[in-house]
Every structure is written in C-alpha cells, then in structure tokens.
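Trainee: Numbering (our numbering), first residue to last: 1167 to 1334.
Backbone N, C-alpha and C define an ideal beta-carbon position, used for all residues, glycine too.
First the structure, then my questions, so here it is.
In structure tokens form, the structure reads like this:
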C-alpha cells in the first residue's frame, strides 16, 4: 500500500520509468544523428565566430579563471553582450575537448536536442496525453525542420540547454 505522501518512481518522470526514458533517448539520439548527419561536418558560422572562435574566454579560461564567466558585469559577459555563464562555460569545455573540429560540437548539439525531445514525453504524459501521441509529438519536435538551426548552429547550444533545463 502506498501512502498519500509517497510518489512512485514512474510518477516523478511523468509516468515513464527511467529505463524506458533512457531507451527512448537512445532511439531519438540515433535517429537524430542519422537525420542531422549532413550538418555534422559544417564549419563555424555566423554567431559561432564571435561566441566561440574569436572568444578569448571560451578558447582559454586562463584569462581570469572560470570565475570570470560568472561575473554578470565582467569582461566575458561584455565581450558577447550577454551574460550567459552556463553557455560560455559549456563552450569553453567543448573547446578544451574538441578544439576547432566542429564535428564534436555539432554532435553535442544533436545529443542535447535528442535529450530535450525525450524529456518532452514525460511532460506530455504528465499533461494527460496518452503514450503514443506523446511520443509522436516529441518525435515531431525532434525532426521538425524548424529545429535545424538550433542543432546546426553551434552557439544555439544555449537554446538547447535552456530548454533542457526548463523541460527537465
């Protein structure tokens, strides 16, 4: 018997257990990598050049330590005219891992996008949508042409992370 204050594990994830959510994520990630494969070898473009390639705080955290990214009035925020410490720290970490090879950056965006799509399923389930329509709606989000920009533009990681934190 379950007490009134007890929450089942499946209920915490919107009616889907962690194992099923992980399997859904794996399927979405594989599908997204296949669909977005043509964009994975693209170059840095548009905002990527200022936010990442020419950004001394992304390319070398030694300019003031990681703490410089946390200062809303600091030089790192002024440089991009936007205080986004999570975004800049994520890019700094990616620069350390991938350098100027855009493949890794783009794969990260695809995998985060797939994660957001998978997290939408429990949100829809919690809202009362049944399982199949919830999965189809999340699949539509995953594959919709409007999502290409947030996946293909490296700097749109900020949009993906914001949505992931919000939906999660």
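#1: Identify whether residue 1279 lies in helix, strand or coil by the three-state DSSP scheme.
#2: Report the residue ranges of all alpha helix (DSSP H) runs contained in full by the region 1310-1334; include only those spanning at least 4 residues, in chain order.
#3: Would you kindly check if the distance between the Cβ of residue 1181 and the Cβ of residue 1291 is under 7 Å?
#4: Going by DSSP in three states, residue 1213 sits in which element: helix, strand or coil?
#5: Roughly how many angstroms separate the alpha carbons of residue 1270 and residue 1322, rounded to a whole number?
#6: Measuring CA to CA, which of 1280, 1258, 1220 is closest to residue 1330?
#7: When you compare only the Cα positions, how much space is there between residue 1226 and residue 1206?
#8: Take the Cβ of residue 1203 as the centre, count every other Cβ of all protein chains shown within 10 Å, and call the residue buried at 16 or more, exposed below.
#9: Classify residue 1267 as buried or exposed, calling it buried when 16 or more other Cβ atoms lie within 10 Å of its own Cβ.
#10: Could you tell me if residue 1172 is buried or exposed, where buried requires 16 or more neighbouring beta carbons within 10 angstroms of its beta carbon?
#11: Helix, strand or coil: which one does DSSP assign to residue 1182?
#12: Does DSSP classify residue 1250 as helix, strand or coil?
Mentor: Once the coordinates are examined:
#1: By one-based count along the chain shown, residue 1279 stands at place 113. Secondary structure of residue 1279 (DSSP, three-state): helix.
#2: 1314-1318, 1323-1333
#3: Counting from one through the chain shown, the residue named residue 1291 turns up at place 125. Counting from one through the chain shown, the residue named residue 1181 turns up at place 15. Yes; because the gap between Cβ atoms is below 7 Å, this pair is in contact.
#4: Along the chain shown, read from residue 1 onward, the residue named residue 1213 stands at position 47. In this structure, residue 1213 counts as helix in the three-state DSSP scheme.
#5: Along the chain shown, read from residue 1 onward, the residue named residue 1270 stands at position 104. Along the chain shown, read from residue 1 onward, the residue named residue 1322 stands at position 156. The C-alpha of residue 1322 is placed about 14 Å away from the C-alpha of residue 1270.
#6: By one-based count along the chain shown, residue 1330 stands at place 164. Of the listed residues, the one whose Cα sits closest to residue 1330 is 1280.
#7: As a working note, residue 1226 is residue 60 in the chain shown. As a working note, residue 1206 is residue 40 in the chain shown. Each residue's Cα considered, the two are about 24 Å apart.
#8: Counting from 1 along the chain shown, the entry for residue 1203 is found at position 37. Exposed is the call here.
#9: Stepping through the chain shown from its first residue, residue 1267 is reached at position 101. The residue in question, residue 1267, is exposed, as its Cβ has fewer than 16 Cβ neighbours within 10 Å.
#10: Sequence index remark: in the chain shown, residue 1172 carries index 6 (1-based). Annotation note: pLDDT 40 at residue 1172 (below 50); position unreliable, no value reported.
#11: As a working note, residue 1182 is residue 16 in the chain shown. Coil.
#12: For the purposes of this step, residue 1250 is identified with residue 84 of the chain shown, where counting begins at 1. In this structure, residue 1250 counts as coil in the three-state DSSP scheme.
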